[in-house]
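Residue numbers (our numbering): 386 to 505.
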């Protein structure tokens, strides 16, 4: 991963949550070197490029703290990578993101007549 962030309880030293981000989507068949082309062909994503976009590849959290942890992990990613303006989460079409993430991400507008096997 390009960036991994772990949240730890200062009182107990136990891990509360972790997220991993990379500079390409975790979509089968999409080349890490050609993801911009794939994204622009499938979505209205003219503002996204390799310099200002990260992709969340992994998220895990203690269910008791999952919503606040998700907020803190995203906030920390933007602080750690100051040139990042967008964080995308791509999931297979028949999958639903963790509820703690689904309120942080909105589905990107797809281009007309696209049969993508995932959604971002």
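Using N, Cα and C, we set each Cβ at its ideal position, and we do this for glycine too.
Please read these numbers as outputs of a predicted model, since none were measured by experiment.
Just tell me which of 485, 493 and 469 has its CA closest to the CA of residue 478. For the purposes of this step, residue 478 is taken as the residue at position 93 of the chain shown. The shortest C-alpha separation from residue 478 is found at 493.
Please classify residue 451: does DSSP put it in a helix, a strand, or coil? Here the question's residue 451 lines up with position 66 in the chain shown. If DSSP states are grouped into helix, strand and coil, residue 451 belongs with the helices.
On a CA-only basis, which of 401, 391 and 505 is nearest residue 450? Give me that one, please. Working through the chain shown from its first residue, we reach residue 450 at position 65. For residue 450, the nearest C-alpha among the options comes from 401.
When the distance is taken between beta carbons, is residue 474 closer than 8 angstroms to residue 392? Translated into positions along the chain shown, residue 392 becomes position 7. Translated into positions along the chain shown, residue 474 becomes position 89. No, these two residues do not count as a Cβ contact at 8 angstroms.
Own chain partners of residue 421 with C-beta closer than 8 angstroms, once the 5 adjacent residues on each side are dropped: Residue mapping note: residue 421 aligns to position 36 of the chain shown, counting from 1. 433, 434 and 435, listed in sequence order.
Can you look up residue 503 in the DSSP assignment and give me helix, strand or coil? In the chain shown, the residue the question calls residue 503 occupies position 118. Of the three classes helix, strand and coil, the one that applies to residue 503 here is strand, per DSSP.
With H, G and I counted as helix, E and B as strand and the rest as coil, what does DSSP make of residue 407? As a working mapping, residue 407 is identified with position 22 in the chain shown. If DSSP states are grouped into helix, strand and coil, residue 407 belongs with the strands.
On the criterion of 16 or more Cβ atoms from any shown chain inside 10 Å, does residue 485 qualify as buried, or is it exposed? As a working mapping, residue 485 is identified with position 100 in the chain shown. Answer is buried; the Cβ neighbour count reaches 16.
Alpha carbons only, please: which of 462, 431, 399 and 427 is nearest the one belonging to residue 406? The count along the chain shown starts at 1 and reaches residue 406 at position 21. Checked all of 462, 431, 399 and 427; the closest Cα to residue 406 is 462.
In whole angstroms, give me the CA-to-CA distance for residue 481 and residue 467. On the chain shown, residue 481 is found 96 positions in, with the first residue counted as 1. On the chain shown, residue 467 is found 82 positions in, with the first residue counted as 1. Spanning the two alpha carbons is a distance of roughly 29 angstroms.
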